[in-house]
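**Student:** Just dropping this structure here.
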């Protein structure tokens, strides 16, 4: 029987950057990776240097055109082949992903990119963010961004944003797939 004390004991032996809040019973054939219906990521960009966020965000001190970047993210929902944003040496059967949400939200001190899709390719979110930063600084236009998608060429997309700003925030599974213990 699972209790709060059992979870507390489990958390006591895990590394400090991993925390268990709930444990679920899943079917024997379950796959955390392949049974997920969608995944959501957030990418954090700090507008001001903050020593407390060096490991959890990307510091980018230059101004970004957030309305243009948001307008450009709408293109992601119109396409499904994202080979241009995938790591070059990856073993996948196809590069198709269905992006259902993508948006930048700006606060006084940071910019947060939210993205949700049925699946992601290796390096995809960081490559998208890096390329959208190029749009936000005026180095690429919205049309350039779409041409990159059509090209299916990773070399045409921009640099991949650094890893420290990327967080997996949510994974959705079919209803009745997860049963709390």
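In the numbering used here, the protein residues as written are 1286 to 1466.
Think of the CB as a built atom: it goes at the ideal place given N, C-alpha and C, for glycine as much as any other residue.
Does DSSP put residue 1388 in a helix, in a strand, or in coil?
**Tutor:** Along the chain shown, read from residue 1 onward, the residue named residue 1388 stands at position 103. Of the three classes helix, strand and coil, the one that applies to residue 1388 here is strand, per DSSP.
**Student:** Using a Cβ-Cβ cut-off of 6 Å (strictly less than) and excluding sequence neighbours within five positions of residue 1343, which residues of its own chain qualify?
**Tutor:** Counting from one through the chain shown, the residue named residue 1343 turns up at place 58. So the list reads 1330, 1446, 1447, 1450, once near-sequence residues are dropped.
**Student:** Counting only runs that start and end within the segment 1326 to 1399, where is the alpha helix (DSSP H) found for 4 or more residues in a row?
**Tutor:** Whole alpha helix (DSSP H) segments, 4+ residues: 1351 to 1358.
**Student:** Roughly how many angstroms lie between the CA atoms of residue 1458 and residue 1349, to the nearest whole one?
**Tutor:** Counting from one through the chain shown, the residue named residue 1458 turns up at place 173. Counting from one through the chain shown, the residue named residue 1349 turns up at place 64. Roughly 35 Å separates the two Cα atoms.
**Student:** Residues in the same chain with beta-carbon distance under 6 Å from residue 1438, minus the five sequence neighbours each way, listed in chain order, please.
**Tutor:** If you number the chain shown from 1, residue 1438 lands on position 153. 1369.
**Student:** Judging by CA-CA distance, which residue of 1444, 1432, 1440 is the nearest neighbour of residue 1364?
**Tutor:** Here residue 1364 refers to the residue found at position 79 of the chain shown. Checking every option, the nearest Cα to that of residue 1364 belongs to 1432.
**Student:** What number of angstroms, rounded off, separates the C-alpha of residue 1409 from the C-alpha of residue 1328?
**Tutor:** Translated into the one-based positions of the chain shown, residue 1409 becomes position 124. Translated into the one-based positions of the chain shown, residue 1328 becomes position 43. Taking the straight line from one Cα to the other gives about 12 Å.
**Student:** Would you mind working out which of 1288, 1300, 1304, 1308 sits nearest residue 1463, comparing C-alpha positions?
**Tutor:** The residue you call residue 1463 lines up with position 178 of the chain shown. When each option's Cα is compared against that of residue 1463, the closest is 1308.
**Student:** Per DSSP, which residues does residue 1441 bridge with? Please list them.
**Tutor:** Here the question's residue 1441 lines up with position 156 in the chain shown. BP columns for residue 1441 are empty, so no partner.
**Student:** Quick test of the definition: if touching needs 3 or more C-beta pairs under 8 Å, does the segment 1372 to 1380 touch the segment 1406 to 1422?
**Tutor:** Taking 8 Å as the limit for Cβ pairs, the verdict is that the segment 1406 to 1422 does touch the segment 1372 to 1380.
**Student:** Is residue 1465 helix, strand or coil when you go by DSSP?
**Tutor:** If you number the chain shown from 1, residue 1465 lands on position 180. Looking at residue 1465 - three-state DSSP - the assignment turns out to be strand.
**Student:** Cβ-heavy atom distance between residue 1411 and the ligand ADP below 8 Å?
**Tutor:** With respect to the ligand ADP, the structure shown offers nothing to examine, as it has no ligands at all.
**Student:** What whole-angstrom Cβ distance do residue 1416 and residue 1443 have, given they're in contact under 8 Å?
**Tutor:** The residue given as residue 1416 occupies position 131 in the chain shown. The residue given as residue 1443 occupies position 158 in the chain shown. Confirmed, about 4 Å.
**Student:** Within 10 angstroms of the Cβ of residue 1324, are there 16 or more other Cβ atoms? Answer buried if so, exposed if not.
**Tutor:** In the chain shown, residue 1324 corresponds to position 39, counting from 1. Residue 1324 should be labelled buried.
**Student:** Could you check where the alpha helix (DSSP H) with residue 1468 kicks off and where it finishes?
**Tutor:** No statement about residue 1468 is possible, as the shown extent of the chain runs from 1286 to 1466 and does not include it.
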